[in-house]
Amino acid sequence: MTTPWQEWTAADAAEWIAAPASDDDKYSRGVLGIVAGSPDYPGAAVLAVEAAHRAGLGMVRYTGPRAVRTAVLARRPETVTSPGRVQAWFIGSGIDTGRRSFMLLGDLQGALASRLPVVLDAGALDLVGTHTAPTVITPHARELAVLLASREIETSIAQVRDAPAEWAFRAARELGVAVLLKGAVTHVCDPDGDRYTITAPTHWLASAGTGDVLGGILGALVATHHQQIGANAEVLTSLAASAAWMHGEAARLATAAVGGGPVTALDVAEQVPRVVGALLSR
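If you read the sequence shown in the numbering used here, its first letter stands for residue -10, the second for the next number, and so on.
Laid out in structure tokens, this is it:
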């Protein structure tokens, strides 16, 4: 049954945040694999990894070009760059679909073949439907229009921007995945009819790299809740809405810290622990 669109709140997001217990270790807290970034866009990987670490998971494993790995480790030396156990994937950020190398495409396909929960962004959106894992996609209006057009669903960027709720829900039904359609009002929905909105508290979020931060937050939440997702894929929708809310709140805090002025994506990522702490104290 399709429900009306509902505004996701702090109380809703707080239900999906948990502090580590005394018997937790880095694996039980969640391990996120990230395939992101490229020589042209190394910052996307740095920002996604940064945000994932700050959102409270146990470990990040990064896969990507050697030069990008160097940049990631320079910022976050606790990141693991060797192959190994992961419990969820965030893939595609900072990747140009027209310039994916054979090796990179192999990494992307390997992640999808694992059947682990996955967040598809940017340069991996075209891979939706090539796997059976629980999936959430995170396009903006232009990316969603291009994706739907590639599936012979006639639309345009203008149409998606004019009716984001309609097109987000149609994409969820047509593609069979949860959808997080980014915008000043973010729409999160799934094929089963769950539908949520998150209104950005500041428009300073409209800047390069903030989507990578959102992806890192969401990937961390997915890794942390991988067991619940295995039992019920609809959990992805609540996690996506929570990540969008946390992202907006981190931006609000970052803007407040500079007196209401502009902020960068890294500023937003650095506020994520404060957001997590506030949700835990509710």
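Positions of the beta carbon are idealized from the N, C-alpha and C atoms, including for glycine.
Identified DSSP bridge partners for residue i
i       : result
Gln(-5) : Tyr185
His176  : Leu170, Thr186
Leu109  : Ile80, Ile126
Val69   : Arg50
Candidates the options, of which the one nearest residue i by Cα
i      : options                        : result
Asp151 : Leu169, Leu137, Ala161, Ala130 : Ala130
His120 : Val108, Thr127, Val252         : Val108
Val125 : Ser227, Arg263, Asp12, His236  : Ser227
Pro190 : Trp(-3), Thr(-8), Pro(-7)      : Trp(-3)
Ala44  : Asn221, Arg241, Gly248, Ala212 : Ala212
Thr199 : Ala173, Tyr185, Ile218         : Ala173
Arg50  : Pro72, Arg263, Val57           : Pro72
Pro202 : Val168, Ala56, Val252, Ala138  : Checking the sequence shown, residue 202 turns out to be Val, not Pro. Cα-wise, what sits closest to Val202 is Val252.
Phe79  : Thr59, Ala63, Arg104, Arg64    : Arg104
Ala122 : Gly219, Val38, Asp1            : Gly219
Phe158 : Ile146, Ala138, Asp179         : Asp179
Val149 : Arg140, Arg162, Val135         : Val135
Asp181 : Leu225, Pro153, Leu93          : Leu225
Ile206 : Ser139, Ala138, Ala240         : Ala240
Ala233 : Pro153, His215, Leu194         : Leu194
Met48  : Asp14, Asp29, Val265, Tyr30    : Asp14
Arg55  : Glu67, Gly81, Pro28            : Pro28
Met235 : Gln98, Ile187, Thr68           : Ile187
Arg140 : Thr175, Pro153, Gly266, Arg162 : Arg162
Ser90  : Ala113, Thr68, Thr70           : Ala113
Helix, strand or coil at residue i [DSSP, three-state]
i      : result
Trp78  : strand
Leu46  : coil
Val211 : helix
Ile23  : strand
Trp5   : coil
His120 : coil
Pro251 : coil
Ser227 : helix
Asp151 : helix
Gly165 : coil
Ile142 : coil
Ala232 : helix
Gln260 : coil
Arg104 : coil
Arg18  : coil
Pro28  : coil
Thr191 : coil
Asp85  : coil
Ala60  : helix
Gly198 : coil
Asp115 : helix
Ala10  : coil
Ala220 : helix
Arg159 : helix
Arg271 : coil
Assumed close pair residue i, residue j - CB separation to whole angstroms, cut-off 8 Å
i      : j       : result
Val117 : Val166  : 6 Å
Glu223 : Asp183  : 6 Å
Leu170 : Leu133  : 6 Å
Gly22  : Val61   : Going by Cβ atoms, the distance from Gly22 to Val61 rounds to 13 Å, so no, they are not a contact pair.
Tyr185 : Trp(-6) : 7 Å
Ile142 : Ala111  : Incorrect: roughly 19 Å between the Cβ atoms, too far for contact.
Gly53  : Gly32   : Gly53 to Gly32, Cβ: 12 Å. No contact.
Leu268 : Ala(-1) : 7 Å
Thr244 : Gly237  : With a Cβ gap of about 11 Å, Thr244 and Gly237 do not count as contacting.
Ala37  : Gly204  : 5 Å
Ala197 : Ala138  : In fact, because the Cβ distance is near 24 Å, the residues do not count as touching under 8 Å.
Pro106 : His192  : About 31 Å separates the two Cβ atoms, so there is no contact after all.
Leu242 : Val264  : 7 Å
Cβ-Cβ distance between residue i and residue j below 7 Å
i      : j      : result
Ala40  : Ala258 : yes
Asp115 : Thr144 : no
Val57  : Ala34  : yes
Leu46  : Ala209 : yes
Leu102 : Val24  : One point to set straight first is that residue 102 is Ala, not Leu, in the sequence displayed. Going by C-beta atoms, Ala102 is not nearer than 7 Å to Val24.
Arg271 : Ala3   : yes
Arg18  : His42  : no
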